Each structure stands twice: as structure tokens, then as C-alpha cells.
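*Asks:*
Residue numbers (the working numbering): 801 to 1062.
See below:
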């Protein structure tokens, strides 16, 4: 018994020294199971270490998910594919593997409001955090506000470099509010800085043909789209708003941004 206590004390000490307290817990919990099943030393060690790695990965994924700034936690399992019968489930499943992140490719989700664009963008972003990637989520106007602040502080280049360290940034609601020229130029710099370096997921209620209205410049819009779609999966969602499915509303007003200038 004294020997067992000494060994337990040593395991606890080593676990603390390695900053891996779960090793002590799993070592004790798995010891009897290993003896009864006749595990080899290597099998027992692998089982103990696997519990530690799994716990660390889960903890890291949760930390990354909190830091991402998701408006809500949405999963692919919660997505109502029946409301989008034209959506290819195998394509979404492939995107969920994170292969596009390794290739610094983009995902563009187009469609009317309420068709699930933000849900899919969030779910893919959440999956990316589980795969070990750093993610940031914001609306298009939120990103512009962030870039304007960096520009006014004289640190826009360093901010763009810092953002490029994130494997994925999500830009939600492109097209809901038109940009002024300076804002459009800042957004273009964000897209250009990530081109072939890191991934974007963008959602928009407008087709690419109407992005010139949003950015106020057809040339800037064309150059931006060119960089975004060069390495991208473009997914089009159709139909009525899922949020209005239980209301007596057949369609929404046009989402085309209007020129408010007199």
C-alpha cells in the first residue's frame, strides 16, 4: 500500500509539473480497468494520454469559440435542410471538414433574408474552432468600423497583418447597408490582404451583379469579387424566410439598397 501511495504521489507531482491535472485523475480511474483487461504498459499510457489530449482539445475549442464573437451558437445538426431542398448536403458536409481552410479558400453564401446564411456561416465557423482554427465573426459594417478605427489610429497595415493570423474571418450581411467610398476601400483592403493567405466566409442578400450598388464603385466591386471567388465555393440559398414560416407573410419587401441622397 505504501508503494501504491508513493506512486500515486509521484503521478500527482508529475501531473502538476506538466500542468496536466487530468492525467492524475484518468491514471487512477483507468488503472483498475487496465489490470482487469490485461492492457500492456503502452496501451495504458496511450489511454491516459488520450484523455488528456481530448480534454485539452475540447477546452481549446471552447476558448476559440468564445473569442470568435458568434452572435449565437449554431450547429450544422440544427440546420433545417428541409427548408432548403436545393442545398447540397454533401457540399456542406465537405465544407465542415475544414478542407477549404487548409487551401485558404472562401465560402460565399447568397440568398434572401431568413434562408439560413448566417446559421450556416456560424456553424462552419464553430466547426473551424473545433478543428483548431482561430475565427472572428462580425457583420460587414462591424468589420468596416474596426478597420476605420485602425486606420484613424495609423495602424491599419498592422491590423490587417494581425487579422491574417486568423484562419477564418466571417463577414455577415454584406449588402444590407451601402458603404461610402472610404469604407468600401477599407473593405477591399481586408479582402486583398487575405487573398490566397487565409479564408473568408461572406453572407449577402444580393447577387454579385448588385455589389456595385453596395460599394458605390463597380470597379472596386469587380476587383473584390474577383479575389473572393477565385478560390471559393459559392452557395445560393432560395425561398422564403424561415423565420416567417408560421406567419401569414408570403414575401418580404425588396432588399435592394436604395440611394438615400436627395
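Where a beta carbon is used, it is the ideal one built from N, C-alpha and C, also for glycine.
No experiment lies behind these values; they were computed from the predicted model shown.
My assumption, with CB atoms under 8 Å, is that residue 823 sits in contact with residue 862. Please give the rounded CB distance.
*Replies:* About 20 Å; that fails the 8 Å criterion.
*Asks:* Between the C-alpha atoms of residue 956 and residue 878, what's the straight-line distance to the nearest angstrom?
*Replies:* Cα to Cα, the separation comes out at about 38 Å.
*Asks:* Under DSSP, the alpha helix (DSSP H) around residue 1025 begins and ends at which residues?
*Replies:* Counting along the chain, the alpha helix (DSSP H) containing residue 1025 begins and ends at 1018 to 1030.
*Asks:* Please name the residue in 1037, 869, 849, 974 whose C-alpha comes closest to that of residue 1013.
*Replies:* Measuring from the Cα of residue 1013, the nearest candidate turns out to be 974.
*Asks:* What are the partner residues of residue 882, as DSSP defines its beta bridges?
*Replies:* Partner(s): none; residue 882 has no beta bridge.
*Asks:* Hey, residue 933 and residue 960: beta-carbon distance below 8 Å or not?
*Replies:* No, the Cβ-Cβ distance between residue 933 and residue 960 is not below 8 Å.
*Asks:* Measuring alpha carbon to alpha carbon, tell me which residue in 834, 1015, 845, 857 is nearest residue 941.
*Replies:* Here the closest residue by C-alpha is 1015.
*Asks:* Express the C-alpha separation of residue 930 and residue 1007 in angstroms, rounding to a whole number.
*Replies:* Residue 1007 and residue 930: Cα-Cα distance of roughly 31 Å.
*Asks:* What do you reckon, are the CB atoms on residue 944 and residue 868 nearer than 8 Å?
*Replies:* In this structure, residue 868 does not lie closer than 8 Å to residue 944 by Cβ.
*Asks:* Helix or strand or just coil, what does DSSP make of residue 870?
*Replies:* Three-state result, residue 870: coil.
*Asks:* Reducing DSSP to helix, strand and coil, say where residue 958 ends up.
*Replies:* Of the three classes helix, strand and coil, the one that applies to residue 958 here is helix, per DSSP.
*Asks:* Hey, is the region 839 to 852 in contact with the region 910 to 921, meaning 3+ C-beta pairs nearer than 8 Å?
*Replies:* In short, these stretches do not touch, since the Cβ pair count stays below three.
*Asks:* Whole angstroms is fine: what's the gap from residue 1032's alpha carbon to residue 1017's?
*Replies:* Those two C-alpha atoms are separated by around 23 Å.
*Asks:* Taking residue 828 and residue 808 to be in contact with their CB atoms under 8 Å, please state how far apart those CB atoms are, rounded to whole angstroms.
*Replies:* Residue 828 to residue 808, Cβ: 7 Å. Contact.
*Asks:* Our contact map puts residue 907 next to residue 1001 with C-beta atoms below 8 Å; I'd like the distance itself, whole angstroms only.
*Replies:* Indeed, because the Cβ distance is near 5 Å, the residues count as touching under 8 Å.
*Asks:* Would residue 982 and residue 921 be called neighbours here (beta carbons separated by less than 8 Å)?
*Replies:* Not a contact, by the Cβ cut-off of 8 Å.
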